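Here is the structure we will look at.
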């Protein structure tokens, strides 16, 4: 399975500010995903990030709030913009290791607290 | 839309007993069903998966069964140990790259 790292691992931010989360993979992958996991809850897909194209957002998530970059096949960023306390959550990236196999592996997550 | 229901939400078993977690999916196009284990403060880890062309898959103490007609799939853990305590998530992959996750089951194995 791919080795996935995320930065930062945690952060405490003031409302109204923005935070950019980085996801790095040790091998080239086509599909990268960003999820949100609110405390005690399940995982909700925010968007899919494909290299060379715009991210595809799920219902309830918009680009202005969660801009995503995917400059190459090993890296992606998710920005949480104009944060409010409701954005306090764990944000996880995941990758599909082999296209068509469907197995997804998760990064360690970024724990965000917005005051 | 696509939906995955998961039961129970919490489950306590005595060490050595079996645990069963059940999921139901709505999209008949779903063809891949992974199970993830998430320990406190850790990332979800893929523990077993099943594809729609098989009915059962086993890996040591864990097994997954799939009933495509009823759109049910289940996780079975035998001879439970304290280190099995975690939150377990099922998911369905409706023929696309997306996963639809269940709501999770908090399993407690009592020593």
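Residue numbers (my numbering), protein chains in the order written: chain X, 1 to 115; chain H, 1001 to 1111. The C-beta atom is built at its ideal place from N, Cα and C for all residues, glycine as well. Note that this is a predicted model, so its numbers are computed, not measured.
Using DSSP with H/G/I as helix, E/B as strand and the rest coil, what is residue i?
i, result
"residue 1059 (chain H)", "strand"
"residue 1116 (chain H)", "Examination of residue 1116 (chain H) is not possible in this model, given that chain H is present from 1001 through 1111 alone."
"residue 117 (chain X)", "For residue 117 (chain X) there is no data in the structure shown, the boundaries of chain X being 1 and 115."
"residue 1005 (chain H)", "strand"
"residue 85 (chain X)", "helix"
"residue 47 (chain X)", "strand"
"residue 1103 (chain H)", "coil"
"residue 140 (chain X)", "Beyond the ends of chain X as shown, which are 1 and 115, falls residue 140 (chain X); an answer cannot be given."
"residue 66 (chain X)", "coil"
"residue 39 (chain X)", "coil"
"residue 1012 (chain H)", "strand"
Who pairs with residue i in a beta bridge, going by DSSP?
i, result
"residue 1114 (chain H)", "Outside the shown range of chain H, which is 1001 to 1111, sits residue 1114 (chain H), and nothing can be said about it."
"residue 96 (chain X)", "X:104"
"residue 114 (chain X)", "X:13"
Going by the C-beta, is residue i closer than 6 Å to any heavy atom of the ligand PLP?
i, result
"residue 1057 (chain H)", "As far as ligands go, the structure on display features none, and thus does not contain the ligand PLP."
| When Cβ atoms are compared, which residues of the region 81-107 of chain X fall closer than 8 Å to chain H? | 92, 96, 102, 103, 104, 105, 106, 107
| Is the number of C-beta pairs between the region 1067-1086 of chain H and the region 61-68 of chain X that are closer than 8 Å three or more? | no
| field | Contacting positions in the region 1083-1097 of chain H - beta carbon closer than 7 Å to chain X | value | 1089, 1093, 1097
| Is it a yes or a no for the region 1099-1106 of chain H touching the region 1046-1061 of chain H, going by three-plus beta-carbon pairs under 8 Å? | no
| request: Anything in the region 25-54 of chain X with a Cβ closer than 7 Å to a Cβ of chain H? List those residues in chain order, please. | output: 31, 42, 43, 45, 48
| task | Quick one: which residues of the region 1043-1054 of chain H get their C-beta closer than 9 Å to a C-beta of chain X? List them in chain order. | result | 1043, 1044, 1045, 1046, 1049, 1051
| request: Determine contact between the region 10-22 of chain X and the region 43-57 of chain X, defined as no fewer than three beta-carbon pairs at a distance below 8 Å. | output: no
| field | Residues within the region 1016-1041 of chain H neighbouring chain X, beta-carbon criterion of under 9 Å | value | 1031, 1032, 1034, 1036, 1038, 1041
| said: Extract the residue ranges of the alpha helix (DSSP H) inside the region 1019-1077 of chain H, only unbroken runs of 4 or more that lie entirely within it. | reply: none
| Does the region 25-33 of chain X touch the region 1083-1095 of chain H, meaning 3 or more C-beta pairs lie closer than 8 Å? | no
| Residues in the region 1063-1082 of chain H with C-beta within 7 Å of chain X's C-beta atoms, listed in sequence order? | none
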